[in-house]
Amino acid sequence: MTPHLDSTNSQNINLDSTEVGISNLPNQRYKIVSDQGGIFNLMVCGESGVGKSTFINTLFQTTLEPLDPHKYRNGPIKKTVHIDIIRAILKEKNFKLRLNIIDTPGFADNINNNKSWQPIIEFIDEQHESYMRQEQQPLRDIKFDLRIHAVLYFIRPTGHSLKPIDIETMKRISTRANLIPIIAKSDTLTKNELIKFKNRIRQIIETQQIRIFTPPLEYDGDLNPKQNTNTPNELGEDNQDSKAPNTSDVNAAAIEHARQLIESMPFAIISSENQFQTEDGRNIIGRKYPWGVVEVENDEHCDFRKLRSLLLRTNLLDLILNTEELHYEAYRKLKLEKKENGDENGSDEMSKYKRTISNNPKFKEEEIALKKYFTEQVKAEEQRFRQWEQNIVNERVRLNADLEDIQKKVGKLEDQIKALQLKKR
Ligand SMILES: Nc1nc2c(ncn2[C@@H]2O[C@H](COP(=O)(O)OP(=O)(O)OP(=O)(O)O)[C@@H](O)[C@H]2O)c(=O)[nH]1
Ligand SMILES: [Mg+2]
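Numbering (the UniProt record's numbering), first residue to last: 1 to 425.
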């Protein structure tokens with residue numbers, strides 16, 4: 001199932017001009033990078049048309065196409081989710097980062113999205129499995145590593161709430177990989193709507209106990225200021241002027257930056273493949289509307305720069321280490337325990353029982369009926385909610401019309417008063 005990685009099939013992206021910051025990676029902790037550079041595997045997940053491809057193209061300021069014929073169409077829900085892999089090599093200064101972007105078009109597109117998370121989860125697990133098998137070989141020769149270092153989960157900017165499918169999928173991803181939820185197309189919400197939406201998502205994440213990736217608020221002594229000059233400006237963006245600060249300054253700046261990142265979660269994103277000049281003569285990436293321009297790289301407009309910093313600059317290493325030490329370790333441990341308990345060979349009584357139940361046509365029927373009932377309930381609720389929303393809109397229109405009438409009447413009365421006062425004089 002695992003595709004063969006062929007670096008000749010990758011797009012080369014030279015980042016020297018933009019200085020994203022990946023060349024800091026080998027300075028931070030050398031152990032994760034080899035002579036050939038580092039590997040970063042980023043998965044994007046979310047409904048069709050939510051802006052995944054546009055975001056990736058905005059992030060790397062180029063159009064990335066899947067060059068790979070490998071497409072994953074697996075599991076019991078064929079024709080829905082499939083998995084595309086886009087490869088690129090990022091070069092900055094002399095450092096190379098091999099990038100694999102795992103796109104999941106088709107996710108949650110069907111009316112019945114039951115289990116549409118399954119191919120995504122299976123893919124993440126398969127990569128852990130594949131890496132574990134390679135590690136178990138006598139020579140421990142790792143040919144490919146597609147373990148997912150971060151999953152960007154795109155939330156549709158409805159302004160209401162998370163859908164059950166979002167919650168279900170995020171829950172499952174978060175137990176296997178670093179989950180980073182983002183609000184897509186945030187330019188379609190007003191400032192107030194966005195604040196409310198963010199708060200609501202945060203609440204759901206908390207109550208549903210979805211573990212999202214948070215940048216660490218402590219750094220150990222590994223940060224060597226002479227080698228790694230991640231000052232707040234450089235961490236934030238653009239300033240390459242590096243007068244070596246002392247360690248405590250670097251730590252304080254890194255912690256402050258991490259705090260800002262955490263406060264901004266879930267990141268509200270605007271993406272665009274278009275560049276143009278603003279009225280004041282700046283060249284910007286953004287989206288143009290009749291009422292004005294929204295800028296991708298403006299912190300007042302969205303959290304794009306924060307997310308880019310987290311992914312490619314300040315927390316790239318944390319994402320990789322977390323995957324290695326937390327998620328992959330958890331998978332490995334679970335697998336070993338299962339093996340010890342005989343689960344994997346099917347000798348375990350409980351798993352036999354479970355299999356019998358899931359294959360029993362009677363239970364299957366009941367399951368289908370329950371799912372149907374659930375879908376209908378959700379549909380009815382959504383319908384009720386839409387009706388309620390429409391009523392509010394109607395009521396607002398009515399009240400506005402009333403207000404206009406009253407204002408007209410007040411105007412008329414004021415005119416009459418003025419006329420009477422003039423007569424009186
Ligand atoms: N308003 C707005 N539109 C956006 C934004 N990002 C992308 N779009 C638009 O949304 C549409 C769909 O974007 P894509 O990037 O193709 O979406 P996708 O998630 O890759 O879709 P699939 O590949 O079908 O799953 C395009 O017309 C984009 O221009 C954004 O931040 N704001
Ligand atoms: Mg796409």
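In this text, a Cβ means the ideal position worked out from N, Cα and C, and glycines have one as well. Everything numeric in this text was worked out from a predicted model, so none of it was measured.
Unbroken beta strand (DSSP E) run spanning residue i, endpoints
i	result
Tyr289	Asn283 to Tyr289
Asn199	Run containing Asn199: none in the beta strand (DSSP E); it sits in the alpha helix (DSSP H), Lys191 to Thr207.
Glu279	Here Glu279 belongs to no beta strand (DSSP E), and DSSP marks it neither H nor E.
Glu47	Element bounds for Glu47: n/a, residue is neither H nor E.
Pro216	Note, Pro216: premise wrong, no beta strand (DSSP E); not H, not E.
Pro266	Here Pro266 belongs to no beta strand (DSSP E), and DSSP marks it neither H nor E.
Glu295	Gly292 to Glu295
Leu312	Taken as a continuous stretch (DSSP letters only), Leu312 belongs to no beta strand (DSSP E), as it is neither H nor E.
Pro183	It should be noted that the sequence gives Ile, not Pro, for residue 183. Where Ile183 is concerned, the enclosing beta strand (DSSP E) stretches over Leu179 to Ile183.
Check: residue i C-beta below 7 Å from any heavy atom of ligand 2
i	result
Lys372	no
Lys408	no
Ser264	no
Lys143	no
Lys379	no
Lys52	yes
Residue interval of the alpha helix (DSSP H) (run including residue i)
i	result
Glu324	Per DSSP, Glu324 belongs to no alpha helix (DSSP H) and is neither H nor E.
Phe55	Lys52 to Phe60
Leu336	Glu329 to Glu340
Leu307	Phe304 to Arg308
Residue i Cβ short of 7 Å to ligand 1 heavy atom set
i	result
Pro105	yes
Ser271	yes
Ser116	no
Val151	no
Asn185	Position check: residue 185 holds Lys in this sequence, whereas Asn was assumed. Because some heavy atom of ligand 1 lies under 7 Å away, the Cβ of Lys185 counts as near it: yes.
Gly46	yes
Arg305	no
Gly49	yes
Arg156	no
Arg287	yes
Thr169	no
Thr188	yes
Under 8 Å between C-beta atoms of residue i and residue j
i	j	result
Phe213	Ile180	yes
Val44	Leu152	yes
Asn341	Pro215	no
Leu139	Arg308	no
Gly281	Ala184	no
Gly46	Phe123	no
Pro157	Ser116	no
Met132	Lys335	yes
residue 440	Ile201	The structure shown does not extend to residue 440, since the chain is modelled only from 1 through 425, so no value can be given for it.
Gln203	Lys171	no
Glu273	Thr54	yes
Lys306	Ser264	yes
Tyr331	Asp125	yes
For residue j and residue i, believed in contact at Cβ under 8 Å, the rounded distance
i	j	result
Asn178	His149	7 Å
Ile285	Glu300	No, Ile285 and Glu300 are not in contact; Cβ-Cβ is about 15 Å, not under 8 Å.
Phe107	Ile182	That belief does not hold up - the Cβ atoms of Phe107 and Ile182 are roughly 15 Å apart, past 8 Å.
Arg98	Ile39	5 Å
Leu310	Arg259	So it is not a contact: roughly 12 Å between Cβ atoms.
Ile56	Ile89	Not confirmed; about 15 Å, so no contact.
Lys371	Asn199	In fact, because the Cβ distance is near 31 Å, the residues do not count as touching under 8 Å.
Ile210	Arg176	At roughly 12 Å, the Cβ-Cβ gap does not stay under 8 Å, so Ile210 and Arg176 are not in contact.
Thr278	Val293	6 Å
Ile83	Thr104	6 Å
Tyr289	His128	Contact doesn't hold; Cβ gap of about 44 Å is too wide.
Cys302	Ile270	4 Å
**Message:** Suppose only complete runs of 3+ residues qualify. What are the beta strand (DSSP E) ranges in the segment 97 to 176, listed by chain order?
**Reply:** Within the segment 97 to 176, the complete beta strand (DSSP E) runs of at least 3 residues are 150 to 155.
**Request:** Kindly provide the ranges of any alpha helix (DSSP H) runs that are 4 or more residues long and lie completely inside the segment 369 to 404, ordered along the chain.
**Result:** For the segment 369 to 404, not a single whole alpha helix (DSSP H) run of length 4 or above is found.
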